[in-house]
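J.:
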């Protein structure tokens, strides 16, 4: 009886660990949508608090760092040159759009919402390559 409980507990823990990448992916995508205008506003009604763009950047970058650190290769040198470029574009776009007016102006200059959609797409590609 004790063995059965222990095995089901181990299997349950393993199943929970395997869901972490899915949660990180969902958080990364939702934060990206929020940062690049796909989601208009996120408000915590009970607290009368509205999340800002800085929250989206923190979630995106945090998820990116955790996922990249947990990838099977873990070393940037193990990626092909095109993969390294794709991975680097994600954080550059996320931080560039948030920290510099020039990047935001450039993206809006491409078309409003096209520029932000392209930025979001670039971060999704970066994410997909990093967590492969």
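Residue numbers (our numbering): 4 to 135. Every residue gets a Cβ at the ideal spot worked out from N, C-alpha and C, and that includes glycine.
#1: On the CB-based measure, 16 or more other CB atoms within 10 Å of its CB, does residue 63 come out buried or exposed?
#2: Taking DSSP as the reference, what is the three-state secondary structure of residue 57?
#3: Does the region 51-62 touch the region 116-125, meaning 3 or more C-beta pairs lie closer than 8 Å?
#4: So, at 8 Å on beta carbons, what are the nonlocal neighbours of residue 113 in its own chain, with the 5 sequence-adjacent residues on each side left out?
#5: From the DSSP output, in three-state form, read off residue 86 for me.
#6: Helix, strand or coil for residue 4? Go by DSSP, reduced to three states.
#7: Can you give the beta carbon distance from residue 31 to residue 88, rounded, assuming they're within the 8 Å contact cut?
#8: Please name the residue, chosen from 55, 79, 44, that lies closest to residue 135 on a Cα-to-Cα basis.
#9: Note down the Cα distance separating residue 99 from residue 109, rounded to an integer number of angstroms.
#10: Per DSSP, what kind of secondary structure is residue 27 in: helix, strand or coil?
T.: Taking the definition as stated:
#1: Against the chain shown, residue 63 aligns to sequence position 60. Under this definition residue 63 is a buried residue.
#2: Along the chain shown, one-based indexing puts residue 57 at 54. The answer is helix: DSSP assigns residue 57 an H, G or I state.
#3: The region 51-62 and the region 116-125 do not touch, with fewer than three beta-carbon pairs separated by less than 8 Å.
#4: Within the chain shown, numbered from 1, the residue matching residue 113 stands at position 110. Within its own chain, the residues whose Cβ lies closer than 8 Å to the Cβ of residue 113, once the five positions on either side in sequence are excluded, are 121, listed in chain order.
#5: Along the chain shown, read from residue 1 onward, the residue named residue 86 stands at position 83. DSSP places residue 86 in the helix class (H, G or I) of the three-state scheme.
#6: On the chain shown, residue 4 is found 1 positions in, with the first residue counted as 1. Per-residue confidence for residue 4 stands at a pLDDT of 45, beneath the threshold of 50, marking its modelled position as unreliable; the derived number appears in the next sentence. Under the three-state reduction of DSSP output, residue 4 falls in the coil class, being neither helix nor strand.
#7: Counted from its first residue, the chain shown places residue 31 at position 28. Counted from its first residue, the chain shown places residue 88 at position 85. That belief does not hold up - the Cβ atoms of residue 31 and residue 88 are roughly 19 Å apart, past 8 Å.
#8: Numbered from 1 along the chain shown, position 132 holds the residue referred to as residue 135. Looking at the Cα atoms, 79 is the closest of the given residues.
#9: Here residue 99 refers to the residue found at position 96 of the chain shown. Here residue 109 refers to the residue found at position 106 of the chain shown. Separation of residue 99 and residue 109 (C-alpha to C-alpha, rounded to the nearest whole angstrom) is 11 Å.
#10: As a first step, residue 27 must be located in the chain shown, where it is residue number 24. In the structure shown, residue 27 sits in a helix (DSSP, three-state: H, G or I).
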